[in-house]
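K.L.:
Chains as they are written, first to last, in the numbering used here: chain A, 1 to 110; chain B, 1 to 116.
1) From the DSSP output, read off the bridge partner residues of residue 68(B).
2) Please determine whether the Cβ atom of residue 41(B) lies at a distance below 6 Å from any heavy atom of the ligand GTP.
3) Who are the near neighbours of residue 54(B) in its chain, counting only those whose CB is closer than 7 Å to its CB and skipping five residues on each side?
4) Sort 94(B), 81(B) and 14(B) by Cα distance to residue 24(B) and report the nearest one.
5) Is DSSP giving residue 7(A) helix, strand or coil here?
6) Counting only the same chain and skipping the five closest in sequence on each side, list residues whose C-beta sits under 6 Å from that of residue 1(A).
7) Within this structure, are the beta carbons of residue 44(A) and residue 79(A) separated by less than 7 Å?
8) For residue 71(A), I'd like the list of residues in its chain whose CB is within less than 7 Å of its CB, leaving aside the five on either flank, ordered along the chain.
9) How far does the beta strand (DSSP E) with residue 42(B) in it reach, from first residue to last?
10) Using a Cβ cut-off of 8 Å, pull out every chain B residue sitting near residue 41(A), in sequence order please.
11) Go ahead and label residue 31(A) buried or exposed: buried means 16 or more other beta carbons lie within 10 angstroms of its beta carbon, across all protein chains shown.
12) Is the separation between the beta-carbon of residue 87(B) and that of residue 38(B) shorter than 7 Å?
13) Residue 45(B): buried (16+ other C-beta within 10 angstroms of its C-beta) or exposed?
14) What does a CB cutoff of less than 6 Å around residue 20(B) pick up in its chain, not counting 5 residues either side in sequence?
15) Quick check on residue 29(B): buried or exposed, where buried means 16 or more other Cβ atoms within 10 Å of its Cβ?
16) Please check if any C-beta of chain B sits within less than 7 Å of the C-beta of residue 102(A).
17) Going along chain A in order, which residues have a C-beta closer than 9 Å to the C-beta of residue 39(B)?
18) Give me the Cβ distance between residue 42(A) and residue 82(B), rounded to the nearest whole Å; I'm assuming they're in contact under 8 Å.
19) Going along the chain, which residues of its own chain have a beta-carbon closer than 6 Å to the beta-carbon of residue 66(A), five neighbours each way excluded?
20) So what's residue 93(A) in DSSP terms, helix, strand or just coil?
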């Protein structure tokens with residue numbers, strides 16, 4: 001069942017700007033992951049943050065996790081046209097199944 | 001390169017005509033998953049195999065079946081496709097659950113199914 005909810009549903013930014021999207025979830029988690037999906041393609045894993053972590057970086061990506069608010073954010077800095085995609089958060093609870101949010105569609109304008 | 005491969009990428013079938021989608025992996029992962037993703041929606045887990053153990057999600061229709069003849073291959077069978085089954089079907093793999101860094105799933109490119 002879907003656990004995460006993402007906000008906004010869609011985001012349009014200029015190349016070079018930062019993009020921020022948020023994810024909220026309902027139950028306790030083991031970790032939270034972010035995936036990217038280019039149009040009509042499979043999902044690509046971006047970053048995983050564990051429940052005892054608060055912030056994580058990977059290249060131009062920065063993820064935060066606030067377990068008290070059951071929320072996470074993904075920041076993409078200095079966006080590029082190639083960042084145009086849908087971004088999904090996914091939670092992992094006490095088993096190893098992913099539960100995806102509905103995603104945020106990001107369009108980066110050249 | 002190690003990867004998850006799905007064939008075909010596009011599949012057209014007729015209403016009620018059985019169809020099989022294929023997934024193979026070179027990652028030697030223990031777990032293989034099948035997801036259904038409808039347009040602008042989140043991927044929805046249908047079932048998964050942990051080695052040979054099959055795990056069906058409670059809300060997966062009986063119309064959907066799966067086979068895993070060996071570690072590398074997993075098939076999704078739709079016995080009598082309806083118009084509502086038109087979707088992207090994603091296969092994914094992961095390592096043995098419970099190990100550190102095992103929770104990442106590796107996805108194939110998907111098979112887009114059209115039902116006429």
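Positions of the beta carbon are idealized from the N, C-alpha and C atoms, including for glycine.
P.N.:
Taking the geometry as given:
1) Here the question's residue 68(B) lines up with position 68 in the second chain. According to DSSP, residue 68(B) bridges with nothing at all.
2) No copy of the ligand GTP appears in this structure; indeed no ligand is present at all.
3) As a position in the second chain, residue 54(B) is number 54, starting the count at 1. Taken in chain order, the residues that qualify are 47 and 66.
4) Translated into the one-based positions of the second chain, residue 24(B) becomes position 24. It is 94(B) whose Cα lies nearest to the Cα of residue 24(B).
5) As a first step, residue 7(A) is located in the first chain; it is residue number 7 there, counting from the start. Of the three classes helix, strand and coil, the one that applies to residue 7(A) here is strand, per DSSP.
6) Working through the first chain from its first residue, we reach residue 1(A) at position 1. Residue placement at residue 1(A) is flagged as unreliable, the pLDDT there being 48, under the threshold of 50; the coordinate-derived value follows with that caveat. For residue 1(A), where only same-chain residues beyond five positions count, there are no Cβ hits under 6 Å.
7) Position 44 of the first chain, counted from the first residue, corresponds to residue 44(A). Position 79 of the first chain, counted from the first residue, corresponds to residue 79(A). Against a cut-off of 7 Å, the Cβ pair of residue 79(A) and residue 44(A) comes out as no contact.
8) As a first step, residue 71(A) must be located in the first chain, where it is residue number 71. Cβ neighbours of residue 71(A) beyond the five flanking positions: 22, 23 and 24.
9) Position 42 of the second chain, counted from the first residue, corresponds to residue 42(B). Element bounds for residue 42(B): n/a, residue is neither H nor E.
10) Taking the first chain and counting its residues from 1, the one referred to as residue 41(A) is at position 41. Near residue 41(A) (Cβ distances below 8 Å), the residues of chain B are 109 and 110.
11) Looking up residue 31(A) in the first chain gives position 31. With 16 or more other Cβ atoms within 10 Å, it is buried.
12) Taking the first residue of the second chain as 1, we reach residue 87(B) at position 87. Taking the first residue of the second chain as 1, we reach residue 38(B) at position 38. Yes.
13) Your numbering for residue 45(B) matches position 45 in the second chain. It is buried - the Cβ of residue 45(B) has at least 16 other Cβ atoms within 10 Å.
14) Here residue 20(B) refers to the residue found at position 20 when the second chain is read from its first residue. Cβ neighbours of residue 20(B) beyond the five flanking positions: 75 and 77.
15) Translated into positions along the second chain, residue 29(B) becomes position 29. That one is buried.
16) Here the question's residue 102(A) lines up with position 102 in the first chain. Chain B, which has a Cβ nearer than 7 Å to the Cβ of residue 102(A), makes this yes.
17) The count along the second chain starts at 1 and reaches residue 39(B) at position 39. Those within 9 Å of residue 39(B) in chain A number zero; the least Cβ separation is about 10 Å.
18) By one-based count along the first chain, residue 42(A) stands at place 42. By one-based count along the second chain, residue 82(B) stands at place 82. About 24 Å; that fails the 8 Å criterion.
19) As a working mapping, residue 66(A) is identified with position 66 in the first chain. If we look at residue 66(A) and ignore the five residues flanking it on each side, it has no Cβ neighbours.
20) The count along the first chain starts at 1 and reaches residue 93(A) at position 93. Coil, per DSSP.
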